[in-house]
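Since the structure comes first, as structure tokens, the remarks are kept for the end.
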Amino acid sequence: MSIDIDPIATDEPEQAPRKVVQPKMSFRKWARELGWRHLIGIAVVIFATFPIIYVLSASLNPTGTLTGSNELFRNLSFENYVDLFSDPRRPYAAWFMNTMIVGIATSVGTVFLGALAAYAFSRMRFTGRRVGLLSLILVQMFPQLLAVVAIYLLMRGISDIFPFIGLDSLIGLIMVYLGGALGVNTYLMYGFFNTIPASIDEAAKIDGAGHARIFFTIILRLVAPILAVVGLLSFIGTTSEFVISSTLLTSPDKLTLAVGLFRYVSEETNSNYPIFAAGAVIAAIPVMALFLYLQKYIVGGLTAGAVK
Amino acid sequence: MTTTSAAERPTAPKRGIHHQPPSMKVLVVKILLLAIVDAVAVFAMTALFFQRDWLVLTIVALATLLVNVIYLNPGMLPAKYLTPGLIFLALFQVFVIGYSMYIAFTNYGDGHNSTKDDAVAALISQNTVRVEGSPAYRVQVVEGLPGLGLLATAPDGRVLVGTAEQPLEPVDPGAVTMDGQRATAVDGWTTLQLQDVLQRQQEIASLQVPLSDDLNDGFLRTTDATNGYVFQSTYVFDEDADTMTDTVSGTVYRDLGEGQFQSDDGQVLGTGWQVGVGFENFLYPFQNQKFGEALIWVTIWTFAFAVLSVGLSFFLGLFLALTLNDPRMRSRKVYRVLSILPYAFPSFLSALVWLGLFNTEFGFFNEVLFGSADIPWLTEPWLGKFSVLLVNIWLGFPYMFLVCMGALQSIPEELTEAATVDGANGFQVFGRIKFPLLLVSTAPLLISSFAFNFNNFNIIYMLTRGGPRMAGVDENVGHTDLLITLVYKTAFEAGTRDYGLASALAIIIFIIVAAVSAISFRQTKALEDLN
Chain A
1421 MSIDIDPIAT DEPEQAPRKV VQPKMSFRKW ARELGWRHLI GIAVVIFATF PIIYVLSASL
1481 NPTGTLTGSN ELFRNLSFEN YVDLFSDPRR PYAAWFMNTM IVGIATSVGT VFLGALAAYA
1541 FSRMRFTGRR VGLLSLILVQ MFPQLLAVVA IYLLMRGISD IFPFIGLDSL IGLIMVYLGG
1601 ALGVNTYLMY GFFNTIPASI DEAAKIDGAG HARIFFTIIL RLVAPILAVV GLLSFIGTTS
1661 EFVISSTLLT SPDKLTLAVG LFRYVSEETN SNYPIFAAGA VIAAIPVMAL FLYLQKYIVG
1721 GLTAGAVK
Chain B
1313 MTTTSAAERP TAPKRGIHHQ PPSMKVLVVK ILLLAIVDAV AVFAMTALFF QRDWLVLTIV
1373 ALATLLVNVI YLNPGMLPAK YLTPGLIFLA LFQVFVIGYS MYIAFTNYGD GHNSTKDDAV
1433 AALISQNTVR VEGSPAYRVQ VVEGLPGLGL LATAPDGRVL VGTAEQPLEP VDPGAVTMDG
1493 QRATAVDGWT TLQLQDVLQR QQEIASLQVP LSDDLNDGFL RTTDATNGYV FQSTYVFDED
1553 ADTMTDTVSG TVYRDLGEGQ FQSDDGQVLG TGWQVGVGFE NFLYPFQNQK FGEALIWVTI
1613 WTFAFAVLSV GLSFFLGLFL ALTLNDPRMR SRKVYRVLSI LPYAFPSFLS ALVWLGLFNT
1673 EFGFFNEVLF GSADIPWLTE PWLGKFSVLL VNIWLGFPYM FLVCMGALQS IPEELTEAAT
1733 VDGANGFQVF GRIKFPLLLV STAPLLISSF AFNFNNFNII YMLTRGGPRM AGVDENVGHT
1793 DLLITLVYKT AFEAGTRDYG LASALAIIIF IIVAAVSAIS FRQTKALEDL N
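Chains as they are written, first to last, in our numbering: chain A, 1421 to 1728; chain B, 1313 to 1843.
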């Protein structure tokens, strides 16, 4: 996970010499060489941002229907945001909390289970290790999504014994998500664990530290960056997950944002849209802020993955 | 990310060297955690014991034993680290895959939900009528651990108690409180007060307590919570002949091994049970020509959707990366940040945002861009396909843009220079040198992107729910359905849920994705890093 390639941040140093080499261009030359690039850039930016601007505008429009939202930013009011939290049949606050609970619990669990396994694979030699690593990858070929029927029936069976971890329970949903904790993530962590020199373990061992102490107090701190990456990926994946959560969760106050907002907006698109838009904006702001704040690392990670 | 091969490093802990006794604190935490796990397991086993689910009980017991052995044994270090993750993996990933395969070979679904015994019991108890002239029991509604029950005083004075699951059994006369000729309370059960009775009227009215183990004997039911009457089913099950007889019409229904009772003239009783059906679910598309044709269209569209999504967003991303890669351009950074916004926007909301834009009557596109037109963006077969693709490209191109930008920048400048010296023009440099190198480095991402879009449930389901529906097909199959949305609709949204067919479809998807990935990964050597 090196982050040395960073297309966005590399802008600054290039700008200074450019001005020296190309002090001024004729308009025709500019249009031929750079103008069309700007036109394409503007077109793509409009394509990329318009839906987001539209939903922001709709969320601020007090007319209460889709029709009124078509004139962008004509009326501004926070009415929809107030309404969003005031209808008990549409417990947005509960959905938001549920999404956070499920997202955070799953990502913490995934990081913890994955780190334990990665430590074993990276630092210990045992029979079945190579086979274990290979089968982790192979198992992931069958996404949980495809087994949604079996998961539903399994959870229905668990409901008969433990109603509070079966259908319609957040704990049950988190457990299902944790089924995917080992897999690609473990593999990612395994690679990173291998870059931590084994001599550190050895030194600690000589000083009398046991395996658990080495793992919890030394290794986990050294691999913190990959833990953050895996946690973030898992959080994003979990909060956007729809199929399994929509089959397992039923009662309105147990839903996650993805399921709740989908059911709400698809039952009556026209009249529910502005309030959905307000909910979407609130849900999107933290994610987008985080993304823009971390974009250097995310972009770096992506491109490093691509050109490994 | 290249690292020295882990095998070469002297990392393997030598057992025995660091076996100091663990500190008190560690030991306490360990034993506490283990105690919690064991307590949960014992609770589960008790519940399973009462449900007489021996197979699952054995598995839970063995797993608990194994966990205890692993954590109480001083050795087995790797197992200590792997077990927590493996438990979840085993249950919610490996087991459900196996279970899916099993379900695919059964007729599991609405009407075939349970075992034959349950189906027989359901058929008998769903069709009861009062036996004319049967004696009245005096009853009292009581509640105990097994749920709601009836405390009945028979016409001959015997006092009995039972629930929907437990047939009436005589109770010890010493434990009964009598009020004249009527038992009103019994030890171990709570007598329902009038208020509760009124509140739970429906529940009480539907309560049927079997008279004996043989359901054909009849049930005790009450409508007013004071008098109970004997009800008998109009259906009689003959265990020896394995037939169900409707005593009203006299029709005899037989079990022909298809998980249901069928009469000679082909009538089927609604409640059936689960049986293995071999490859029937896999052959279903071949037997039902309409569905088979629909399935072929869905498969073609699934491939087209995945390929076009990946291809178009890749080319748009690449084009954008090339366009904006000119260092002389001012405000490149602004363009870049703004055009990757769709990637930052939570993906589960994106489809819903577009849902509003596409709305036929009131959406922005029809109202503003096309002057109040009524273009059916999502409800016309071809336009629907176009629309979902458009949204998916919107979602996918920023990722491709970032990836292409990184890949382009990692191609060494010397290659371009060398080619230019040899007389290649800009297009040749790109087409013969940069593009092939770019494809090599992005191939694994394109493959995984393909696999993802092959099962891109959210975008399709949230925008069109797979619709518009194909005409002339009995099953709910739509023009924009992917295989995965078809699985979901077959299992959870069809008039009769068919888990068997849905699982069979899921397995077909798995085989397709696995084959495509295996073929393509074989060339990318992705597995070579393993040591």
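All residues carry an ideal CB built from backbone N, CA and C; glycine is no exception.
Spatial distance of residue i from residue j (CA atoms)
{"i": "Ala1497 of chain B", "j": "Met1490 of chain B", "result": "7 Å"}
{"i": "Val1368 of chain B", "j": "Phe1822 of chain B", "result": "27 Å"}
{"i": "Ala1468 of chain A", "j": "Thr1583 of chain B", "result": "53 Å"}
{"i": "Gly1668 of chain B", "j": "Ala1478 of chain A", "result": "10 Å"}
{"i": "Leu1714 of chain A", "j": "Thr1658 of chain A", "result": "19 Å"}
{"i": "Met1463 of chain B", "j": "Gly1492 of chain B", "result": "Here residue 1463 of chain B turns out to be Leu, not Met, going by the sequence shown. If I take the Cα positions, the gap works out to 15 Å."}
{"i": "Ala1616 of chain B", "j": "Ile1824 of chain B", "result": "14 Å"}
{"i": "Asn1376 of chain A", "j": "Thr1485 of chain A", "result": "In the structure as shown, chain A begins at 1421 and stops at 1728. Residue 1376 of chain A is therefore absent and cannot be evaluated."}
{"i": "Asn1518 of chain A", "j": "Ser1686 of chain A", "result": "20 Å"}
{"i": "Asp1554 of chain B", "j": "Arg1550 of chain A", "result": "53 Å"}
{"i": "Asn1600 of chain B", "j": "Ala1783 of chain B", "result": "15 Å"}
{"i": "Ala1347 of chain B", "j": "Arg1683 of chain A", "result": "42 Å"}
{"i": "Gly1423 of chain B", "j": "Tyr1811 of chain B", "result": "11 Å"}
{"i": "Val1406 of chain B", "j": "Lys1645 of chain B", "result": "46 Å"}
{"i": "Leu1593 of chain A", "j": "Phe1584 of chain A", "result": "11 Å"}
{"i": "Pro1780 of chain B", "j": "Gly1696 of chain B", "result": "8 Å"}
{"i": "Tyr1541 of chain B", "j": "Pro1479 of chain B", "result": "15 Å"}
{"i": "Trp1366 of chain B", "j": "Asp1429 of chain B", "result": "17 Å"}
Residue i classed as buried or exposed, judged by whether at least 16 other C-beta atoms fall within 10 angstroms
{"i": "Thr1395 of chain B", "result": "buried"}
{"i": "Leu1602 of chain A", "result": "buried"}
{"i": "Thr1606 of chain A", "result": "buried"}
{"i": "Met1556 of chain B", "result": "buried"}
{"i": "Ser1497 of chain A", "result": "exposed"}
{"i": "Met1859 of chain B", "result": "Any question about residue 1859 of chain B goes unanswered here, given that chain B covers just 1313 to 1843."}
{"i": "Trp1585 of chain B", "result": "buried"}
{"i": "Leu1669 of chain A", "result": "buried"}
{"i": "Gln1564 of chain A", "result": "buried"}
{"i": "Phe1612 of chain A", "result": "buried"}
{"i": "Lys1674 of chain A", "result": "buried"}
{"i": "Gln1572 of chain B", "result": "buried"}
{"i": "Gln1511 of chain B", "result": "exposed"}
{"i": "Ser1335 of chain B", "result": "exposed"}
{"i": "Gly1387 of chain B", "result": "exposed"}
{"i": "Arg1442 of chain B", "result": "exposed"}
Cutoff 6 Å; reference residue i; Cβ partners in own chain excluding five residues on either side
{"i": "Thr1563 of chain B", "result": "Ser1575"}
{"i": "Arg1494 of chain B", "result": "Arg1450, Thr1465"}
{"i": "Phe1549 of chain B", "result": "Val1432, Met1556"}
{"i": "Thr1475 of chain B", "result": "Pro1458, Gly1459, Gly1461"}
{"i": "Phe1709 of chain B", "result": "Ser1625, Leu1628, Gly1629"}
{"i": "Gly1586 of chain A", "result": "Met1575, Ile1578, Ser1579, Gly1592"}
Cβ shell of residue i (< 8 Å), same chain only, five flanking positions each side left out
{"i": "Tyr1260 of chain B", "result": "Missing from the structure shown is residue 1260 of chain B; chain B here goes from 1313 to 1843 and no further."}
{"i": "Ala1731 of chain B", "result": "Gln1740, Val1741, Arg1744, Ile1745"}
{"i": "Glu1673 of chain B", "result": "Asp1686"}
Proximal residues to residue i (C-beta, below 7 Å), its chain only, five neighbours per side dropped
{"i": "Ala1434 of chain B", "result": "Thr1583"}
{"i": "Arg1470 of chain B", "result": "Pro1482"}
{"i": "Phe1818 of chain B", "result": "Reading off the sequence shown, one finds Ala at residue 1818 of chain B, where the question assumed Phe. For Ala1818 of chain B, where only same-chain residues beyond five positions count, the Cβ hits under 7 Å are Ser1412, Val1799."}
Residue i CB to nearest heavy atom of the ligand COA below 6 Å
{"i": "Asn1788 of chain B", "result": "As far as ligands go, the structure on display features none, and thus does not contain the ligand COA."}
Inter-stretch contact (C-beta, 8 Å, three-pair minimum) for the region 1680-1687 of chain B and the region 1702-1717 of chain A: no
Interface residues of the region 1774-1793 of chain B facing chain A [CB-CB below 7 Å]: Met1774
Validate contact between the region 1504-1518 of chain B and the region 1526-1543 of chain B using beta carbons, cut 8 Å, 3 pairs: yes
Touch test, the region 1653-1663 of chain B against the region 1783-1799 of chain B, Cβ-Cβ under 8 Å, three pairs minimum: no
Residues of the region 1642-1661 of chain A whose Cβ lies closer than 9 Å to any Cβ of chain B, in chain order: Ile1656, Thr1659, Ser1660, Glu1661
Contact list for the region 1628-1652 of chain B against chain A, Cβ threshold 9 Å: Leu1628, Phe1631, Leu1632, Ala1633, Thr1635, Leu1636, Asn1637, Asp1638, Pro1639, Arg1640, Met1641, Arg1642, Ser1643, Arg1644, Lys1645, Val1646, Tyr1647, Arg1648, Val1649, Leu1650, Ser1651, Ile1652
Positions along the region 1467-1486 of chain A whose CB lies within less than 8 Å of some CB in chain B: Phe1467, Ala1468, Thr1469, Pro1471, Ile1472, Tyr1474, Val1475, Ala1478, Thr1485, Leu1486
Selection of the region 1362-1385 of chain B by Cβ proximity to chain A, strictly under 9 Å: Gln1363, Asp1365, Val1368
Any 3 or more C-beta pairs closer than 8 Å across the region 1501-1511 of chain A and the region 1567-1576 of chain A: no
Where the region 1694-1718 of chain A meets chain B: residues whose CB sits under 8 Å from a CB there: Phe1696, Ala1697, Ala1700, Ala1703, Ala1704, Val1707, Met1708, Phe1711, Leu1712, Gln1715
Residues from the region 1676-1698 of chain B in contact with chain A, defined by Cβ distance under 9 Å: Phe1676, Glu1679, Val1680
Three or more C-beta pairs below 8 Å linking the region 1456-1471 of chain A and the region 1648-1667 of chain A: no
Interface positions of the region 1580-1597 of chain A facing chain B (Cβ-Cβ less than 9 Å), listed along the chain: Asp1580, Ile1581, Phe1582, Met1595, Val1596, Tyr1597
Stretch-stretch touch, CB-based, cutoff 8 Å, three pairs: the region 1455-1462 of chain A with the region 1630-1639 of chain B: yes
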